[in-house]
Amino acid sequence: MAATPSPYERAFRAFLDALSEHDFAVIRTLVGEDFQILRAPKSLLQPTDRTQVTLVPELEKIFDNTFPKGHPKYEYLKVSETKDAIPTVIAHVASAATSLKGNPLRGEYVMFMEFEEAKEGGGLPKIKKLTEFLDSKVFEEFFKVESTA
Numbered sequence: 034m035a036a037t038p039s040p041y042e043r044a045f046r047a048f049l050d051a052l053s054e055h056d057f058a059v060i061r062t063l064v065g066e067d068f069q070i071l072r073a074p075k076s077l078l079q080p081t082d083r084t085q086v087t088l089v090p091e092l093e094k095i096f097d098n099t100f101p102k103g104h105p106k107y108e109y110l111k112v113s114e115t116k117d118a119i120p121t122v123i124a125h126v127a128s129a130a131t132s133l134k135g136n137p138l139r140g141e142y143v144m145f146m147e148f149e150e151a152k153e154g155g156g157l158p159k160i161k162k163l164t165e166f167l168d169s170k171v172f173e174e175f176f177k178v179e180s181t182a
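Just so we're aligned, residue 34 is where the sequence shown starts under our numbering, counting upward by one.
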């Protein structure tokens, strides 16, 4: 991490911190109206083409019904930033959590978070899109155990 993180990196970390704390009021302030999440690989059968209006309530339901507040805990293995036309943070992230049913989840992701252009002196930039590449085996096994517990 740079000595002084960019507004994009601060917004990225604020998003994951809010997700961990199930603070969806904060998440709503961090994402744009056209916010999207794309999850890969396709074998996870995650729906696409959803926006903030449906996504944030879905995330809230999943997290509130699956994990206690404060989980999952995220560890930032590597965070970097592109200087392309679309400001993007690229991160290799690990997470650890125990579900409300007592099932452990140790996940690993590569995340690409795209942002609106930061406004000078205007706070954190809005998140436009999050693309996550998940460890599909771990997530499939976790949700299989969760659904039968």
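Here a beta-carbon is modelled for each residue, glycine too, at the ideal position from N, C-alpha and C.
Remember, predicted model here, so these are calculated numbers, not experimental data.
- Our two residues, residue 58 and residue 76, have alpha carbons roughly 31 Å apart in a direct line.
- Here DSSP, grouped into helix, strand and coil, assigns residue 137 to strand.
- In this chain, the beta strand (DSSP E) harbouring residue 66 covers 64-73.
- Look at residue 95 here: in three-state DSSP terms it is helix.
- When the Cα atoms are used, residue 71 and residue 158 turn out to be separated by approximately 19 Å.
- In this structure, residue 160 lies away from residue 144, with their beta-carbon atoms at least 7 Å apart.
- Two segments are said to touch when three or more pairs of C-beta atoms, one from each, lie closer than 8 Å; by this definition the region 130-139 touches the region 98-109.
- If the five residues before and after residue 119 are omitted, its C-beta is found closer than 6 Å to the C-beta atoms of 147, all from its own chain and listed in chain order.
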